[in-house]
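Asks:
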Amino acid sequence: VQLQASGGGLVQAGGSLRLSCVASGSIVSIKAMGWYRQAPERQRELVATVTNEGSTNYADSVRGRFTISRDNAKNTVFLQMNSLKSEDTAIYYCNAERRWGMSQMWGQGTQVTVSS
46 VQLQASGGGL VQAGGSLRLS CVASGSIVSI KAMGWYRQAP ERQRELVATV TNEGSTNYAD
106 SVRGRFTISR DNAKNTVFLQ MNSLKSEDTA IYYCNAERRW GMSQMWGQGT QVTVSS
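Going by the numbering used here, the first residue of the sequence shown is number 46, and it counts up by one from there.
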């Protein structure tokens, strides 16, 4: 599985961005996709995930502001980020959780910078 993320950028506080991640390769092995982020000098943390069945999970810090969705026909997961705050500044990584004991996969990361 290969993951290609896009959509990061610079935005003012209160603004919005939409991230996209396209999966290719052994798509059938994916059971969930999601987004994680890592700010400077901090550990990578979960932002949001969505299963193949559409069940979603959000970090408390983004619930109500971010929305994760997926287009299964296009093997793409989206992260709509609204009401962005400076503390949302981080590199955002797309993630694919896989079946059958296979290791999870990561995209290359996309920078999101929110200016206050």
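All C-beta atoms, glycine included, are put in the ideal place defined by N, C-alpha and C.
To which residues does DSSP link ASN68 through a beta bridge?
Replies: According to the sequence provided, residue 68 is Ala. The question's Asn does not apply to it. Per DSSP, LEU48.
Asks: Pull up the CB-CB distance for SER65 and LEU129, whole angstroms please, since I reckon it's below 8 Å.
Replies: Between LEU129 and SER65 the Cβ distance is about 17 Å, and since that is not below 8 Å, they are no contact.
Asks: Beta strand (DSSP E) containing GLY54: first to last residue?
Replies: Unbroken beta strand (DSSP E) run through GLY54: 54-57.
Asks: At least one CB of chain D closer than 7 Å to the CB of GLN57: is that the case?
Replies: Looking at the structure shown, chain D is missing, and only one protein chain is on hand.
Asks: Given that a residue counts as buried once 16 or more other Cβ atoms are within 10 Å of its Cβ, and exposed if not, what is TRP145?
Replies: Exposed is the call here.
Asks: Compare the beta carbon distance of GLY53 and VAL157 with 7 Å and say whether it is the shorter of the two.
Replies: Yes, the Cβ-Cβ distance between GLY53 and VAL157 is below 7 Å.
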